[in-house]
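First up is the structure itself, then whatever we jot down about it.
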Amino acid sequence: MTFDEFKRLTILSPVSQLADIFLLAGDIHATLYTGSKAMHSQILSIFNEETGKFKQFSAAQNLKITLERRYKNALVDSSRQKQLEMFLGIRLFKHLPSVPVQPLHVLSRPSGFLLKPIGSMFPTSSSGASLLSFKKKDLIWVCPQAADVVELFICLGEPCHVCQLLLTVSHGADDSTFPSTVDVRTGRNLDGLKMVVEGASIPQCGNGTNLLIPLSGPISAEDMAVTGAGARLHDQVTSSLSLLYDSEELEGELDFLTRVVALTFYPAESGSPMTLGEVEILGVSLPWNSVFSNKGTGARLTELAKKSQKDSNSFLSGSDTNPLSGTSLSNQAVSKSAKQGSANDLVDLLTGGDILSESVFPPVTENVTYGGGDLLDFLDQSAVDYHSPETDHKPSTPQDGTPQDSGTQKYINCVKFMAGPHMDRKLNYREAMKLEIERLHLNLSAAERDRALLFIGTDPATVNPNFLLDGLYVGRLCRVASTLALLGQVALEDKINGSIGLGKFEDNVIDFWNISRIGESCSGGNCEVLAETKATLSDSSMLSSTEGSKSVFLCSQCRRKACQVCSAGRGALLLPNYTREGTNYNGLSNQGGSSYSSQVDLTTTRSVALDGVICKKCCHGIILDALVLDYVRVLISSRRKARADSAAYKALDEVTGSLFLDSLSERSQSSGNQRAVKVLKQLLTGEESLAEFPFASFLHSVETATDSAPLLSLLTPLYSGSQHSYWKAPPNTNSVEFGIVLGTLSDVSRVLLLVSPCGYSEADAPIVQIWVSNKIDREERSCVGKWDVQSLISSTPELYGPEKSTREDKLPCHIRFTFKNPVRCRIVWITLCLQRPGSSSVDFGKDFSLLSLDENENPFAQETRRSSFGGANKNNPCLHAKRILIAGCPVKKEMELTSPESSSQRNWLDRAPQLNRFKVPIEAERLMDYDLILEQYLPPSSPLLAGFRLDAFHAIKPLITHSPSSGADIWDTSDMFLEDRYISPAVLYIQVSALQEGIGSNMVTIAEYRLPEAKPGTAMYFDFPRQFQTRRISFKLLGDVAAFTDKLPEQDDASLRAPVVAAGLSLSNRIKLYYYADPYDLGKWASLSAV
212 MTFDEFKRLT ILSPVSQLAD IFLLAGDIHA TLYTGSKAMH SQILSIFNEE
262 TGKFKQFSAA QNLKITLERR YKNALVDSSR QKQLEMFLGI RLFKHLPSVP
312 VQPLHVLSRP SGFLLKPIGS MFPTSSSGAS LLSFKKKDLI WVCPQAADVV
362 ELFICLGEPC HVCQLLLTVS HGADDSTFPS TVDVRTGRNL DGLKMVVEGA
412 SIPQCGNGTN LLIPLSGPIS AEDMAVTGAG ARLHDQVTSS LSLLYDSEEL
462 EGELDFLTRV VALTFYPAES GSPMTLGEVE ILGVSLPWNS VFSNKGTGAR
512 LTELAKKSQK DSNSFLSGSD TNPLSGTSLS NQAVSKSAKQ GSANDLVDLL
562 TGGDILSESV FPPVTENVTY GGGDLLDFLD QSAVDYHSPE TDHKPSTPQD
612 GTPQDSGTQK YINCVKFMAG PHMDRKLNYR EAMKLEIERL HLNLSAAERD
662 RALLFIGTDP ATVNPNFLLD GLYVGRLCRV ASTLALLGQV ALEDKINGSI
712 GLGKFEDNVI DFWNISRIGE SCSGGNCEVL AETKATLSDS SMLSSTEGSK
762 SVFLCSQCRR KACQVCSAGR GALLLPNYTR EGTNYNGLSN QGGSSYSSQV
812 DLTTTRSVAL DGVICKKCCH GIILDALVLD YVRVLISSRR KARADSAAYK
862 ALDEVTGSLF LDSLSERSQS SGNQRAVKVL KQLLTGEESL AEFPFASFLH
912 SVETATDSAP LLSLLTPLYS GSQHSYWKAP PNTNSVEFGI VLGTLSDVSR
962 VLLLVSPCGY SEADAPIVQI WVSNKIDREE RSCVGKWDVQ SLISSTPELY
1012 GPEKSTREDK LPCHIRFTFK NPVRCRIVWI TLCLQRPGSS SVDFGKDFSL
1062 LSLDENENPF AQETRRSSFG GANKNNPCLH AKRILIAGCP VKKEMELTSP
1112 ESSSQRNWLD RAPQLNRFKV PIEAERLMDY DLILEQYLPP SSPLLAGFRL
1162 DAFHAIKPLI THSPSSGADI WDTSDMFLED RYISPAVLYI QVSALQEGIG
1212 SNMVTIAEYR LPEAKPGTAM YFDFPRQFQT RRISFKLLGD VAAFTDKLPE
1262 QDDASLRAPV VAAGLSLSNR IKLYYYADPY DLGKWASLSA V
């Protein structure tokens, strides 16, 4: 049967509809994949009666689709590419630039609580605990009117490093009832609270607004004074911005055992009631549960801590094993320079005497180039083998005023080597960056560097690389460095995705940066480039060629031979689109003679092939500067990570002790965890352990002997540490008190004291007294019992002397202190006291004769005690214990019923303020310095200024700030305890200055505000300390402005013309001045100008 006969005998309508459905499905699939309809052939229309017309229409339609697809693929394909990359999970650092790798946890709930109740103006059943509950988002807590300040003592659910404070603005019709400033103190207990933020500004915002206050660790006041961090905020002269990197970074103390956060709120108006909303504390805690079980991330943490401990011991054993030493620096050159410019040439300006009279040491260095490995081996190993700072590098200055710290002294030698023996040579950008590289390799902080420079009479600003370049060139350099960082991450992802064995890479000894250190120069010989024959120092004859640069490479541009020192880093190959053009920038010679003409398309999905070497003469000077800048940023990030790692290892050691690491292999091979669970069930007899670390902690610090196990080991799980270690008090301590905070509100029935392996003697046996309470006030606690352990020794011989049996099926030696009735509490106080000699009662009629001279019958004679089994001195008694267990049942958290607001409270909240805010008209305004300074000019008849409104910025904190320092994926959190953004958080300040009459043309600082983070566009109102009138007012944005960037949709990736400073930080159309006035006095027309 022919097709025409089939067509004549078949009903074509159903078949044609099925063909249309098939065509429609093809169009849907093609639209999903290509963004356009499918190109259909005429065979699909054979059942249509108008086949000829469809043939002509199909040809025209297919031509249209072809042109449309070509246009989309060439120009507007980025959206589909972005969808594809996000679906595959690649380039997330570009599509989600501000998403944290390791999100913070809210440690203030669910088990966090207030150690001290808060008063309320209106009667309520809660004592302020609802301020920490996420179920009370609309809570408005009204504090008493007589309170000048309100303090919140928050006990966190787990120990952590506190990173952020999140406040929910809550108020009624009057927004001035919310606090204006807050002080934040953190510590491990109530005795160790340290100031973290003082006087952080809280703007007046709408009800329900969330304000985020970044927190760093406690910062030394001396470090702030040395770096000038406090003085820069009060500087009236427009200071240069640190756009390259924060060279004066303040390093706060990192502590993963922080447990108490104290917040002090101050009212906007003294004597007026304050309203509070929800308070949240965000931080990062260590995986304690997996640490004790030796599994997962906890096992990895203990492994790294053990390795760090071994490295520290090898570092302290001798100088030959110094992990920071290396051979890349010409030590002879530095020694010669130091000898020629002896310390006697420097004179102390204060005393007139000589300084630095002792011998000079060459700087400690390490080899930063990588021999062997594949083409991207810079992604397989750390750029710097950064070791955790086990020792304090602050220079110790003895009586003669000379720093004895080796790192500080070696840095001073490097400065003298670069600037000359008389410190009369001005350094350029690259030389100053080399000094920063040496400083970071020597593990010195910015404050320690400034101390060293001030000691030799050098202003730290003269060696600050941020101030040694022209402003226009700094902008271009920052853009090139940002491009290099993103392309480095692309290369890392491509290497990880291609590491399945499909690609083969060549060996190369040139790393990503290939930065030559101080004293390195061209090896000569076969090198034809000779780019760095001398290091432009004060006396080039001091230099000797580097011994480790014998390898010779072929430049892919000029085809000349180049040594390792004369070769640029492989990162330069990621920026190939440059033309040759001789240009000088700010006195820096353009070694390559090329300028930046076209930009790199960051939307490409593949990385540039790094299959060659380019010499420094063929590489543009701005690329070489960008490589140096990127390398410094990598070193700063490595230092931050080393500080976080060191804090994590320190916290682990202060909880479990050093013996815990030594027993890891033994515990991992035995069934210690199963045994601990079985023994714990037998000890608790059906109840739960209520005081177990990390959920329980100590309220106050307790003195501990130097050779004792850590204090927190008393609360760690059974068999989590060494079986022979135990806690003990210092010698001659007769009494200790443990204030134990339980993990949750519980009904406590008894306390168990696990005896130390040494056992008790008659002198060591303490008197135990126990109190319970729900508050930190000692006056409100109630006593539940007092026990004499010495009386138990006679009835329980196992308590006396060292433990004799070591069978695994035997319960550990312990003492039970059972309460008469279960007590509901959150804090348990336990006091251990040694009995005093002769404290027992004496009967003068029966115990002895007054006329007898027998010493044995004298009750006041010194009692002959038995030897102490726990103390270092066997003749002195000692307080000691193995573990403290608190048994009982936790109280189940019932659903809290929201009590309705009373009518008096609602009436008070609905009370409108007497004065409203109205906009102050301005005549003109001017923006300066990347739109970070705003000057407004006001008419002579302007009213008294009361404050200003600031709309929250639209900038973000990017995750990627430098190229990868190792081959690890940035989303891999196995070796990451804290992100860089939380170690040194970026904080913005705004300074307000005004022109005052009678003072001249100088601007007077009115106030400075620490800006919180809020949702973009949020209106924030800041009141001035006092109302004033002026003709000109200035707003200056200060702080870490370089740490912010714009969102990717706001950037032009094709031309890479992103501003140096994020456009989202611009003060243009963002600030409005206001004054207070009664709306009834101004009338209806004036009410239209409300801010």
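Position one of the sequence shown corresponds to residue 212 (the numbering used here), numbered consecutively onward.
All C-beta atoms, glycine included, are put in the ideal place defined by N, C-alpha and C.
Test item: CB-CB of residue i and residue j under 8 angstroms
i	j	result
Leu377	Leu493	yes
His372	Leu454	no
Ala853	Asn1127	no
Phe503	Asp856	no
Tyr477	Ser391	yes
Ser1176	Ser848	yes
Ala1253	Leu452	yes
Arg1281	Ala1230	no
Ala1092	Leu953	no
Ala473	Glu362	yes
Ile1194	Pro308	no
Ser370	Thr469	The residue you asked about is not Ser; residue 370 is Pro in the sequence shown. Against a cut-off of 8 angstroms, the Cβ pair of Thr469 and Pro370 comes out as a contact.
Ala916	Pro1088	no
Val843	Ala658	no
Met634	Ile667	yes
Range covered by the beta strand (DSSP E) that runs through residue i
i	result
Val1039	His1025 to Leu1045
Ile1144	Ile1144 to Tyr1148
Tyr1220	Met1214 to Leu1222
Phe764	Val763 to Leu765
Phe949	Ser946 to Leu965
Residue i burial status per 10 Å Cβ neighbour count (16 or more: buried)
i	result
Val1198	buried
Val888	exposed
Val1102	exposed
Gln1046	buried
Gly368	buried
Thr538	Caution is warranted here: a pLDDT of 37 is assigned to Thr538, below 50, making its placement in the model unreliable, and the coordinate value is therefore given only provisionally. It is exposed - the Cβ of Thr538 has fewer than 16 other Cβ atoms within 10 Å.
Arg281	exposed
Lys827	buried
Glu649	buried
Arg770	exposed
Gln415	buried
Rounded C-alpha distance that separates residue i from residue j
i	j	result
Leu703	Gly868	38 angstroms
Pro574	Val626	Bear in mind that the predicted position of Pro574 carries a pLDDT of just 35, short of 50, making it too unreliable to give a figure here.
Gly417	Phe1235	19 angstroms
Ala1163	Cys994	53 angstroms
Leu765	Ile721	12 angstroms
Val1034	Leu401	24 angstroms
Gln520	Leu926	24 angstroms
Ser224	Lys218	11 angstroms
Leu325	Glu899	23 angstroms
Gly237	Pro314	43 angstroms
Asp661	Thr669	9 angstroms
Asp288	Leu278	14 angstroms
Trp982	Tyr1285	56 angstroms
Ala1218	Pro1169	30 angstroms
Gly737	Cys777	Before going on, a small fix: residue 737 reads as Asn here, not Gly. Using only the alpha carbons, I get a separation of about 12 angstroms.
Ser693	Asp841	9 angstroms
Limits of the alpha helix (DSSP H) - the one that residue i falls within
i	result
Asp705	Gly682 to Asn708
Phe233	Leu223 to Thr245
Asp434	Ala432 to Thr438
In DSSP terms, what residue i is bridged to
i	result
Glu196	The question about residue 196 has no answer here: the residues shown for the chain are numbered 212 through 1302.
His316	Gly494
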